[in-house]
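Structure, rendered in structure tokens:
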């Protein structure tokens, strides 16, 4: 059918063909976009879940669930049993009682601490000793008091031999003389002379002298002085008292700390203060003591109502049970279960487990997933995606991946993509040139126009000077009557195999050649994707053979057509507006090639008004990895 349409020139309308592809592209892009969507991802996850064996097992588990025998049932039953136990019931009753509140309040109170301190005190030896002390007579209490002991100590000291001897010595009638002469010069002179006259030297001299001689001597004078002092009454009285038995007590005690202490003690015993203190001790009773005050304070504390409640409750079975249960594992378990069965989680779980199986299933997360899956499965987007995603109408988009394109809508030529001279002119000359059989000068971009969001390659009748390639002579300066243009991707894009297409309006001028072609570094092989000079043709030119297919029964000039060439390792197929027009499996090029678009003259024409070749876009593709 395609061959017949080609013969008859029944090509699809370009606008219809292009719009159809655009619509398909939009739809395919939408499918690809939806393929990446969270909605589809979620649907597939749900599908994987609800169709799994694990999901089916879970569904059966939910349907078989019962409250009786469940963990929740067993916990509630355990709680009910604990709630009915005597010790827990009594504990809970006690816990909210006024008695326990008072007991706890009093346990931490200062009054209870004080009461215990006082109880300990009144049971102490110190209290009993104080109480028994005041059962004694006033005289006895004084005698055993510190003040009584002080008085007794004074009396004992007064009766001591040392004190009595000391005071007898200083009370002697000779003591004033003794005191006066004791430290006098007179006594010191006497002691000095006494030592001298009793010395061996003095005695020897005295015995060696005659009496008269001694008397006149210095020694004799000293002896007379000594004799006079010895006879002096005050000296004699001094030595008389000094030789008394009591002198040793005087030597020991006079001006001593012991004597001063005795004097102080005597002053105190004889003082008014001593008498008052003694009177206070003898008149003081037990009721006047601190011990009695503490005893009375204890009695008052015991009469306090809260204290009575405290001591009564402290002996009760309620408190004994409370202390035994409080902090126990049993109570902890009771509270744990009590809190648990009041939780929304338990209440909801119990309500869920007591539902009928089908109702329970409907409330499960699994049912929600299944319901969501079914709703999504029935949604327009999901149905559209799975209906169209694998449709063969999108095979073209799944097959081809865009590698190079230009929509020519930038208002100027993209010089990063295109050269405006032959590739070898750029590489060898850095200049433009024309081929030997070309009547036009390739103006290096001056004959390109971008009015109206497409490329125009304009052939003009105008003179120009430039280079022409002559295989025998090389680059020869030449004069041209015409100018035209070309573009090629020789430096930016080359590709081996793929799909190459362009939307072109060929000029309606039989002698003007418009071409969409491909070539590599060599002049051949050369592929004509499409060329026209009134009629259209496609083909391959190699060093040894040329394949060319002319297309008839159609005017390709003056209208846009989409010309395409699919190139594989073993076949090339040409098509126009999607309709195959030619194919070959011979002499298939195997080298990378670049694309080119050009217009020009190969013979003289008379008409100077030459229509331009127009290109709306050019696109190149390679097969996706999956298709390769």
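Residue numbers (this note's numbering): 3 to 630. Where is the CB? At the ideal position from N, CA and C, for every residue including glycine.
- In the DSSP annotation of this structure, residue 424 is not part of any alpha helix (DSSP H), being labelled neither H nor E.
- For residue 623, the beta-bridge partners assigned by DSSP are 404, 501.
- Non-local C-beta neighbours of residue 316 in its own chain, meaning closer than 8 Å and more than five positions away in sequence, comprise 105, ordered along the chain.
- Here the alpha carbons of residue 365 and residue 333 stand approximately 35 Å from one another.
- In the DSSP annotation of this structure, the continuous segment of the beta strand (DSSP E) that includes residue 600 starts and ends at 596-603.
- Distance check between residue 489 and each of 447, 470, 455, 377 places 447 closest, using alpha-carbon atoms only.
- For residue 462, the three-state secondary structure derived from DSSP is strand.
- DSSP places residue 566 in the strand class (E or B) of the three-state scheme.
- The shortest CA-to-CA distance from residue 399 to any of 514, 605, 260, 23 is the one to 23.
- Of the residues assessed, residue 430 falls on the exposed side of the cut-off, its CB having fewer than 16 other CB atoms within 10 angstroms.
- Taken atom to atom, the span from the alpha-carbon of residue 487 to that of residue 450 is near 7 Å.
- Cβ contact annotation for residue 465 (same chain, cutoff 8 Å, sequence separation greater than five): 481, 482, 483, in chain order.
- Nearest to residue 281 by alpha-carbon distance, out of 327, 147, 359, 240, is 147.
- Assigned with DSSP and collapsed to three states, residue 100 falls in helix.
- Of all alpha-carbon atoms in 27, 561, 426, the one lying nearest the alpha-carbon of residue 523 is that of 426.
- The C-alpha of residue 514 lies about 27 Å from the C-alpha of residue 475.
- If you check the CB distance, residue 249 and residue 171 come in under 8 Å.
- In the structure shown, residue 187 falls within a helical segment according to DSSP collapsed to helix, strand and coil.
- In the structure shown, the three-state DSSP call for residue 483 is strand.
- Uninterrupted alpha helix (DSSP H) stretches at least 4 residues long and entirely within the region 302-365 occur at 307-316, 319-327, 331-343, 346-355, 359-364, given in chain order.
- Nearest Cα to residue 340 within the set 437, 445, 380, 78: 78.
- Taking 8 Å as the cut-off, the Cβ atoms of residue 236 and residue 183 count as close.
- Contiguous alpha helix (DSSP H) elements confined to the region 38-105 occur at 40-52, 55-66, 73-86, 88-97, taking only those with 4 or more residues.
- DSSP, read as helix, strand or coil, puts residue 411 in coil.
- Within the same chain, Cβ atoms closer than 7 Å to the Cβ of residue 558 are found at 508, 534, 538, the five residues on either side in sequence being excluded.
- Judged by DSSP secondary structure, residue 530 falls within the beta strand (DSSP E) whose first and last residues are 528-534.
- Under the three-state reduction of DSSP, residue 174 is assigned to coil, being neither helix nor strand.
- Judged by DSSP in its simplified three-state form, residue 211 adopts coil rather than helix or strand.
- About 4 Å separates the CB atoms of residue 463 and residue 610; that is less than 8 Å, so the two are in contact.
- DSSP places residue 391 in no beta strand (DSSP E); its state is neither H nor E.
- The secondary-structure analysis by DSSP pairs residue 582 across a beta bridge with 577.
- Using a Cβ distance threshold of 8 Å, residue 441 and residue 603 count as a contacting pair.
- A residue is called buried once 16 or more other Cβ atoms fall within 10 Å of its Cβ, and residue 627, having fewer, is exposed.
- Residue range 127-135 is occupied by the alpha helix (DSSP H) that includes residue 134.
- With the rule of 3 Cβ pairs closer than 8 Å, the region 42-50 does not count as touching the region 352-368.
- Here residue 506 is buried. Its C-beta has 16 or more other C-beta atoms within 10 Å.
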